[in-house]
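In the numbering used here, the protein residues as written are 114 to 368.
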């Protein structure tokens, strides 16, 4: 292995990826597995496709079925996960959801549900994982999935925008407190990606065209477009990089 390749080698590491069943989470899990990491996929449903793809790369896959709408029991869930001595070296806080409605019609339920999954659960899960890392002396990596709406307001997505602004702030707070302990915390802010969360936009001809016309790269993003970013933040290569929110957006924010 060359010196350059070793900077991105994750052999012997274990990554916990939330929302790993489909879309961005599945892509992130496969990127990490391709670099040598074993994967723990956390989601509210079984993930057979992700399991097959990870195991086809020669890596181990462990599935944890857990609904992040219930952050109260995250500590107990994680304790059971590691009770046999397993360790977590990398945490990818990817799970999230979006609700769309005009601001004046936006319900308190849609506000609470999205803030719980997108912000409260990553906060609670990060706490328990960081405690685990500190107890075992792990120089860990945490990567949060933010959004273009960590920087912009958007329309009709009040709770999503608020949550993703929160993810960006939480990333910086965690980075400040954990850097001296050898744990880095960064975030990736995807642009408009072809995933389940954007299906409604892609099915609206006017919105699809308006968004596409503003993306300098001339296309919507794919999960594979995040591979290099997550490998950089999760690997030894980024040991002196923390508190960053990296947009992977086809140039959207530069427009």
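Note that CB positions come from ideal geometry on N, CA and C, so glycine has one too.
Item, Value
"Close beta carbons around residue 242, own chain, < 8 Å, minus the five adjacent residues each side", "129, 191, 201, 204, 253 and 255"
"Rounded separation between residue 294 and residue 353 - CA only", "13 Å"
"At least three beta-carbon pairs within less than 8 Å, the segment 277–297 to the segment 307–318", "no"
"Contact belief for residue 121 with residue 348 at Cβ below 8 Å, rounded distance in angstroms", "5 Å"
"Minimum length 4: unbroken alpha helix (DSSP H) runs contained in the segment 201–252", "221–228 and 234–249"
"Residue 251 versus residue 299: straight-line alpha-carbon distance, rounded", "17 Å"
"Other residues of its chain near residue 226: CB distance less than 8 Å, five sequence neighbours each side excluded", "182, 210, 212 and 272"
"Which residues DSSP lists as bridging residue 174, in chain order", "152"
"Alpha helix (DSSP H) runs contained entirely in the segment 247–321, provided each spans 4 or more residues", "271–291 and 312–315"
"Neighbourhood of residue 358 by C-beta distance below 7 Å, restricted to the same chain and skipping five residues each side", "259, 263, 281, 284, 300 and 302"
"Best match in 339, 127 and 171 for proximity to residue 62 [C-alpha to C-alpha]", "Residue coverage of the chain in this structure runs from 114 to 368, which leaves residue 62 outside it and unanswerable."
"Identity of the residue in 346, 178, 179 and 134 nearest residue 167 by Cα", "134"
"Simplified DSSP state of residue 129, which is helix, strand or coil", "strand"
"Counted within 10 angstroms of its Cβ, other Cβ atoms place residue 289 as buried (16 or more) or exposed", "exposed"
"Candidates 160, 230, 215 and 267: closest to residue 185 by CA position", "230"
"The alpha helix (DSSP H) enclosing residue 188, as first and last residue numbers", "187–195"
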